[in-house]
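Heads up: the sequence shown begins at 666 in this note's numbering, then just goes up one per residue. Ideal placement from N, C-alpha and C gives every residue a C-beta, glycine not left out. Just so we're clear, the structure is a prediction, and the values are computed from it rather than from any experiment.
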Amino acid sequence: MEPQRHNPCSDLESDLHQILREVMRMQIGHGLDYDSRIMERAREHAQRRVVEAERRREEALRELEELEAELLRRAVEEILEEEADLERVLEELEMNEERRGLMEEIEELESEPRALTREDLDNALSDLERRGLIENSPKALRLTSKGARALGRAALERILENLSRRGLGPHTLDKPGEGPWKGSAIRSYEHGDPYERIDIESSLISALERGGSPSDLRLKDLKVYESKNHARLHLGIIVDESGSMNRDGKVEAALEAALALSELMRLWFPDDRLTLIAFSEEVRRLAPWQLPRISVPMKFTDMRAALRAFRLESSHEAGERQAYLITDSAPNYQDGAYIGFEAALKGVLREARRYREEGIILNILMLDEDDELRRMARALARESLGRVFFTNPRNLGEAVVEDFLNMRRA
């Protein structure tokens, strides 16, 4: 029986989640560990490259030996039969193009690098690049929007698998793309709504009411079915990107949890709206695919500004509003200046009270075990009628997804 061939593509699929995570780590400024999947694949390529170079070198040496024997035989015949000039014959032998080409090739093969090269790293990532999951250039390596979504999907699948082992998970959810839309409420199309939700009849009526025609259908005419499974939710994920998050895999865990939750909402709760906010000294609004491009160079933490940004962003939304604050640090910055923990905390607590006044639930995921930070997290949750979770980077994704699913089923 012929031995089964090794398929490197199957390795890629099984390692895809980890490799995409490692690309994200590189993208946010972290290096690769020696035992990382990318380095492992690069070493495998280097080993194949060196083995192939040695095989070809031995083959070229045999070819050279055979060629030189043949050339020497011809030279002897030429000298003996034609009484040719010995010096000329030897010079022609020395200058033979095929012989010189083999000698140059052997010299190149003997100098083949044994250590890892940039080519080995590029080859380790070439499959991902061909599939449009990463962009790999001499200046930068980064996930594409497709790659960020693939990372979120892979993370979500792993999280749901772990939850299902504990008897949890989305057992009662419709499959992605399915759902009882017919007979649901109709609303205007918004950017990001799945096209399969478009109600053609209502959209055409809207165009006619505007004075247009069916052939003059415009974006503002489009109507979509609203899900009747649950009230619409505007969810905020507010991620701390201050300097302390750069340790112990915290920022990677936060980004991966946010990507997983964005995929869960896109696939199973497409009517819900997601706002992603990253903050340190500055506050930034991000699309899900921009999350892996986050950086953590800042030292200070303006938590109040981040909470305020989501409150204002969602202020005109109908339906339920909730936010997850993922942090490991204390606020110490406000209105462009460092003011210390005690003063900054007062502003954060005032903002949490505004959340309660406006009906927004703030949930805190604290990634630090410091007693003072835990007291702060409890105070924030108490002021905003939210929930508080004390977790670690390893369990962060499961904590967020499990709570979200429980909340949507309630």
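Check                                                                                                                                                                  : Outcome
So what's residue 797 in DSSP terms, helix, strand or just coil?                                                                                                       : coil
Candidates 819, 728, 752 and 985: which alpha carbon is nearest residue 766's?                                                                                         : 728
Tell me whether residue 880 sits in a helix, a strand or coil according to DSSP, three-state version.                                                                  : helix
Residue 1038 to residue 905, Cα distance in whole Å?                                                                                                                   : 14 Å
Tell me which residues share the same chain as residue 835 and place their Cβ nearer than 7 Å to its Cβ, disregarding the 5 neighbours each side in the sequence.      : Legend: pLDDT at residue 835 = 49, less than 50; position of this residue unreliable, no value from coordinates given.
Contact defined as beta carbons within less than 8 Å: I believe residue 704 pairs with residue 697. What is the distance between those atoms, to the nearest angstrom? : 5 Å
Are residue 622 and residue 957 touching if we call contact CB-CB under 8 Å?                                                                                           : No answer is possible for residue 622: the residues shown for the chain start at 666 and end at 1075.
Just to confirm before moving on: does the CB-CB distance between residue 1058 and residue 1032 stay below 8 Å?                                                        : yes
For the beta strand (DSSP E) holding residue 1027, just list the boundary residues, first then last.                                                                   : 1025-1031
Check the DSSP bridge columns for residue 867 and list the partner residues they point to.                                                                             : Paired residues: none, contrary to the question.
Take residue 984 and list the residues in its own chain whose beta-carbon comes closer than 7 Å to its own, dropping the five residues that flank it on each side.     : 896, 897, 898 and 899
Going by CA-CA distance only, name the one from 1066, 681 and 760 that's closest to residue 1030.                                                                      : 1066
Mind checking residue 977: buried by the 16 CB within 10 Å criterion, or exposed?                                                                                      : exposed
Looking only at its own chain, which residues have a Cβ that is under 6 Å from the Cβ of residue 1060, when we skip the five neighbours before and after it?           : none
Assuming residue 990 contacts residue 1041 under a Cβ cut-off of 8 Å, what Cβ separation, rounded to an integer in Å, is found between them?                           : Not really, about 11 Å apart at Cβ, beyond 8 Å.
Would the region 811-819 count as touching the region 752-763 if we require 3 or more Cβ pairs under 8 Å?                                                              : no
When you compare the CB positions of residue 758 and residue 736, do they come within less than 8 Å of one another, or not?                                            : yes
Cα-Cα, which of 1051, 1002, 831 and 712 is closest to residue 1014?                                                                                                    : 1051
With DSSP collapsed to three states, give me the class of residue 1000.                                                                                                : coil
To the nearest angstrom, report how far apart residue 750 and residue 743 are at their CA atoms.                                                                       : 9 Å
On the CB-based measure, 16 or more other CB atoms within 10 Å of its CB, does residue 1020 come out buried or exposed?                                                : buried
Measuring straight from C-alpha to C-alpha, what distance separates residue 1109 and residue 965?                                                                      : No answer is possible for residue 1109: the residues shown for the chain start at 666 and end at 1075.
Under the three-state reduction of DSSP, which class applies to residue 903: helix, strand or coil?                                                                    : strand
Take residue 711 as the anchor and find which of 973, 681, 786 and 829 has the nearest alpha-carbon.                                                                   : 786
Tell me which same chain residues have a C-beta within less than 7 Å of the C-beta of residue 943, skipping the five on either side of it?                             : 904, 906, 949, 951 and 959
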